[in-house]
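Residue numbers (this note's numbering): 59 to 146.
Cβ atoms here follow ideal geometry from the backbone N, Cα and C, with glycine treated the same way.
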């Protein structure tokens, strides 16, 4: 299968007491071509909404939801890697 996606995503940044958040909203379309059962062309459209939260500990938590032709739910974390700087 070959998929050709196209998307427009908008997001912004906000701050709370101990957290920075980045909500986003996007619209996606995808044109899929498959030749498993003969030539087939499929068009999908879907909407994405989500938010990244950066905690004071440096951890980032991501929530995401896609609704439409390719529905999905996602949750992820990013663990801080530590400082690579040396102190003099």
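Within the segment 67-108, complete beta strand (DSSP E) segments of at least 3 residues are found at 77-92, given in chain order.
Residue 84 and residue 105 have their alpha carbons spaced roughly 6 angstroms apart. Beta-bridge pairing by DSSP links residue 115 to no other residue.
The secondary-structure analysis by DSSP pairs residue 120 across a beta bridge with 110 and 134. Counting C-beta pairs closer than 8 angstroms gives three or more between the segment 71-86 and the segment 107-127, which meets the contact rule.
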